[in-house]
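Numbering (the numbering used here), first residue to last: 5 to 281. Even glycine gets a Cβ: it sits at the ideal position worked out from N, Cα and C. Here the structure is a predicted model, which means the values were calculated and not measured.
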Ligand SMILES: C[S@@+](CC[C@H](N)C(=O)[O-])C[C@H]1O[C@@H](n2cnc3c(N)ncnc32)[C@H](O)[C@@H]1O
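Structural data, given as structure tokens:
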């Protein structure tokens, strides 16, 4: 296993508990907006446990194929279990780095029909160059699509959490900071339109998925532990983490944070290809 997948491997239980409320609505919206058809070949990078890759596999049917790529072995294993429960045989979960992915020979020579990435693009090293390369694996006229947190989403929750952590004197981890910096360029409809267009695409479409979730203590803490915020807790022992959890929940109550805004942008575009305009 690649070390960079380890945060999400550690997060597997909480990540899984977020599936129904967070990951699946976005994954399904992305697949719908991509307009996948039976027989299509799809690459899903940063696929996690398959929240967009599994709906993609059902959309493309037995004559299509989905390559679902992630660094986190444990999430991939959850994805394999889900697909075998559903009897899907057209999807392959592969532990690999998205930045190095090369299509195997089962993919038509012209390329994939679509590349999807749900809540993952801001984790990719050299985000622009990496995603431009991935878009280059799509045939001219095929599609790329991503989901990202909309500006302001998770903001109140993240501030309460980081304030609780700061009481224990630890700075924010570099990885979380750089992911949030990258996200800032693409977390508005206008920013995402522009970013997609700069990849060499046309007909960009950005839609907003509203998702307001009651902030129960269990769900709020799962959101912290089920994603990259979890990294901020790695310097602390279990006892301190428990104190931070208590402080965090107190701050949510003090600040009257009763709901979590998990608003998301779903952006898709058509790949122009080498000579097209
Ligand atoms: C927030 S999760 C989203 C997972 C999934 N797309 C979903 O929406 O449920 C981000 C995922 O990106 C993966 N990831 C981060 N960097 C990656 C890379 N370079 N190559 C492949 N996967 C990566 C992580 O392991 C994690 O599973």
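State the beta-bridge partners of residue i as determined by DSSP.
{"i": "residue 84", "result": "Per DSSP, none; premise fails for residue 84."}
{"i": "residue 121", "result": "150"}
{"i": "residue 206", "result": "274"}
{"i": "residue 286", "result": "Past the boundaries of the shown model lies residue 286; the chain is included only from 5 to 281, so the question cannot be answered."}
{"i": "residue 72", "result": "48 and 97"}
Quick check on DSSP: helix, strand or coil for residue i?
{"i": "residue 153", "result": "strand"}
{"i": "residue 96", "result": "strand"}
{"i": "residue 179", "result": "Because the pLDDT at residue 179 is just 48, under 50, the model does not fix this residue reliably, and the value given afterwards should be weighed accordingly. Helix."}
{"i": "residue 143", "result": "strand"}
{"i": "residue 113", "result": "coil"}
{"i": "residue 259", "result": "coil"}
{"i": "residue 164", "result": "helix"}
{"i": "residue 281", "result": "Reliability fails at residue 281, whose pLDDT of 48 lies under 50, so the model's placement of it is uncertain and the value that follows must be treated cautiously. Note: residue 281 maps to coil in three-state DSSP."}
{"i": "residue 241", "result": "coil"}
What number of angstroms, rounded off, separates the C-alpha of residue i from the C-alpha of residue j?
{"i": "residue 151", "j": "residue 197", "result": "12 Å"}
{"i": "residue 112", "j": "residue 44", "result": "10 Å"}
{"i": "residue 214", "j": "residue 221", "result": "21 Å"}
{"i": "residue 11", "j": "residue 121", "result": "18 Å"}
{"i": "residue 143", "j": "residue 212", "result": "27 Å"}
{"i": "residue 247", "j": "residue 238", "result": "14 Å"}
{"i": "residue 95", "j": "residue 170", "result": "43 Å"}
{"i": "residue 243", "j": "residue 249", "result": "10 Å"}
{"i": "residue 159", "j": "residue 17", "result": "23 Å"}
{"i": "residue 106", "j": "residue 264", "result": "38 Å"}
{"i": "residue 208", "j": "residue 251", "result": "43 Å"}
{"i": "residue 180", "j": "residue 26", "result": "Residue placement at residue 180 cannot be trusted, given a pLDDT of 48 that sits under 50; what the coordinates show is reported in the next sentence. Computed Cα separation, rounded: 19 Å."}
Can the beta-carbon of residue i be found closer than 8 Å to that of residue j?
{"i": "residue 63", "j": "residue 147", "result": "no"}
{"i": "residue 42", "j": "residue 67", "result": "yes"}
{"i": "residue 102", "j": "residue 138", "result": "yes"}
{"i": "residue 58", "j": "residue 87", "result": "yes"}
{"i": "residue 60", "j": "residue 40", "result": "yes"}
{"i": "residue 79", "j": "residue 53", "result": "yes"}
{"i": "residue 155", "j": "residue 15", "result": "no"}
{"i": "residue 115", "j": "residue 141", "result": "yes"}
Return yes when at least one heavy atom of ligand 1 lies under 7 Å from the C-beta of residue i, else no.
{"i": "residue 269", "result": "no"}
{"i": "residue 56", "result": "yes"}
{"i": "residue 122", "result": "yes"}
{"i": "residue 20", "result": "no"}
{"i": "residue 226", "result": "no"}
{"i": "residue 153", "result": "no"}
{"i": "residue 219", "result": "no"}
{"i": "residue 103", "result": "yes"}
{"i": "residue 2", "result": "The requested residue 2 is not part of the displayed model; the chain covers only 5 to 281."}
Give a yes or no on whether 8 Å exceeds the smallest Cβ distance from residue i to chain B.
{"i": "residue 31", "result": "Here chain B cannot be found, since the structure has a single protein chain."}
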